[in-house]
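Heads up, the thing below is written out as structure tokens.
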């Protein structure tokens with residue numbers, strides 16, 4: 017059973033989507049619009065043959081989004097999480113690498129590799145909902161030289177749906193957890209070394225303000241010119257407008273850079289305008305910085321990093337420790353040098 021599977025209650029009529037798995041407890045989003053926790057042995061995955069009643073079917077990769085008619089009454093629950101990368105063994109030395117889409121979205125996507133400060137494209141395509149695609153074959157003997165995989169996804173569906181923000185995940189596979197990850201892969205329906213890419217992905221949609229800003233920009237470019245054109249001024253305006261675009265291009269081409277060894281999360285170190293933030297906004301900024309620095313430290317192959325969070329009321333420290341305890345790439349964490357930081361910093365050692 018995996019995130020995104022459609023299941024049915026054994027002792028009831030409810031059906032829904034698995035949204036979270038925690039040991040023997042699964043959370044199922046049912047068609048009434050809310051999630052309920054149930055024991056694993058009280059639900060069953062709906063067989064592929066039955067999925068035809070939900071309008072699920074595969075379609076050739078023609079570049080058009082698949083139509084999924086639904087004839088059921090009431091609100092339909094769609095799986096919004098369940099993107100995996102799986103490595104299935106050909107033999108004891110060679111594996112096939114698959115991207116699995118166990119959601120109800122169609123996913124335009126790319127896969128790349130970062131090695132030695134260079135980005136190498138590996139695959140690009142459109143992956144249908146409830147489908148998988150083989151993207152590569154890899155050798156275990158080259159495991160330490162695989163580099164950092166970069167996965168990029170867009171979310172699309174035919175008809176009306178909320179626009180979702182693009183999703184990017186960087187991952188470096190480590191022997192310490194790679195060979196412990198064997199499980200039955202959804203869609204593929206066979207054993208593989210399985211990793212969920214969107215496990216910690218926020219449910220983020222583009223808000224009205226973002227959409228209006230884009231619309232206003234497009235509208236401005238369509239306004240007719242009613243005055244004589246000054247060639248010199250026009251050239252200067254074009255150059256000034258191109259500067260942000262060049263900055264974005266430079267940022268997009270930047271590879272993973274190792275963060276500083278000691279990361280100071282005190283709010284005054286993160287922004288000069290913290291006086292306008294409330295406590296919730298400050299904590300959000302501090303945790304976002306922590307997550308970014310942690311991800312870059314893992315992706316760049318750092319062995320250890322220190323996060324300086326201060327003592328305060330302990331909220332930031334508690335939240336950081338909670339997130340560290342759930343991260344499979346971390347070997348252990350502890351209070352950093354007490355003679356220097358007291359209890360105001362945490363040292364993290366990676367596997």
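Numbering (our numbering), first residue to last: 17 to 367.
The beta-carbon is built from N, C-alpha and C at its ideal position, and this holds for glycine as well.
Bear in mind that the values here come from a model prediction, so they are computed numbers and not experimental data.
Inter-residue spacing [alpha-carbon to alpha-carbon] between residue i and residue j
i	j	result
residue 112	residue 194	14 Å
residue 70	residue 143	Residue confidence for residue 70 is low, a pLDDT of 49 falling below 50, so the modelled location carries little weight; the figure read from the coordinates is stated next. Each residue's alpha carbon lies about 19 Å from the other.
residue 327	residue 131	38 Å
residue 206	residue 116	12 Å
residue 13	residue 97	With the chain represented from 17 up to 367, any question about residue 13 goes unanswered, as that position is not in the structure.
residue 281	residue 307	11 Å
residue 118	residue 285	41 Å
residue 158	residue 138	16 Å
residue 5	residue 173	Outside the shown range of the chain, which is 17 to 367, sits residue 5, and nothing can be said about it.
residue 332	residue 272	26 Å
residue 146	residue 198	20 Å
residue 323	residue 127	31 Å
residue 329	residue 356	19 Å
residue 165	residue 136	10 Å
residue 315	residue 275	10 Å
residue 349	residue 339	11 Å
residue 216	residue 354	32 Å
residue 361	residue 312	19 Å
residue 99	residue 51	20 Å
residue 210	residue 103	7 Å
residue 359	residue 352	8 Å
residue 44	residue 18	11 Å
residue 154	residue 319	25 Å
residue 95	residue 57	21 Å
residue 196	residue 160	17 Å
residue 291	residue 303	18 Å
Host beta strand (DSSP E) of residue i (start-end)
i	result
residue 278	278 to 280
residue 110	110 to 117
residue 25	22 to 25
residue 136	134 to 143
residue 372	This structure cannot speak to residue 372, because the chain is shown only from 17 to 367.
residue 128	123 to 131
residue 62	That residue, residue 62, is in no beta strand (DSSP E); it is neither H nor E in DSSP.
Reduced DSSP secondary structure (H/G/I, E/B, other) of residue i
i	result
residue 97	coil
residue 183	strand
residue 215	coil
residue 205	coil
residue 56	helix
residue 349	strand
residue 51	strand
residue 360	coil
residue 200	strand
residue 102	strand
residue 41	strand
residue 232	Bear in mind that the predicted position of residue 232 carries a pLDDT of just 47, short of 50, making it unreliable; the figure below should be weighed with that in mind. If DSSP states are grouped into helix, strand and coil, residue 232 belongs with the helices.
residue 177	coil
residue 19	coil
Boundaries of the alpha helix (DSSP H) in which residue i is found, first to last residue
i	result
residue 192	191 to 194
residue 354	354 to 357
(request) Please specify which runs of the alpha helix (DSSP H), each continuous and at least 4 residues long, are wholly inside the stretch 268 to 343, giving them in chain order. (result) 283 to 286, 295 to 315 and 331 to 341, all fully within the stretch 268 to 343.
(message) With a threshold of 8 Å, are at least 3 pairs of Cβ atoms found where one atom belongs to the stretch 56 to 63 and the other to the stretch 170 to 185?
(response) Between the stretch 56 to 63 and the stretch 170 to 185, the count of Cβ pairs shorter than 8 Å is below three; the stretches do not touch.
(message) I'd like the ranges of any alpha helix (DSSP H) spanning at least 4 consecutive residues and lying wholly in the stretch 145 to 171.
(response) If only complete runs of 4 or more residues are kept, the stretch 145 to 171 shows no alpha helix (DSSP H) anywhere.
(message) I'd like to know if the stretch 29 to 42 and the stretch 103 to 112 are in contact, where contact means that at least 3 CB-CB pairs between them fall below 8 Å.
(response) No: the two stretches stay apart, fewer than three of their Cβ pairs being nearer than 8 Å.
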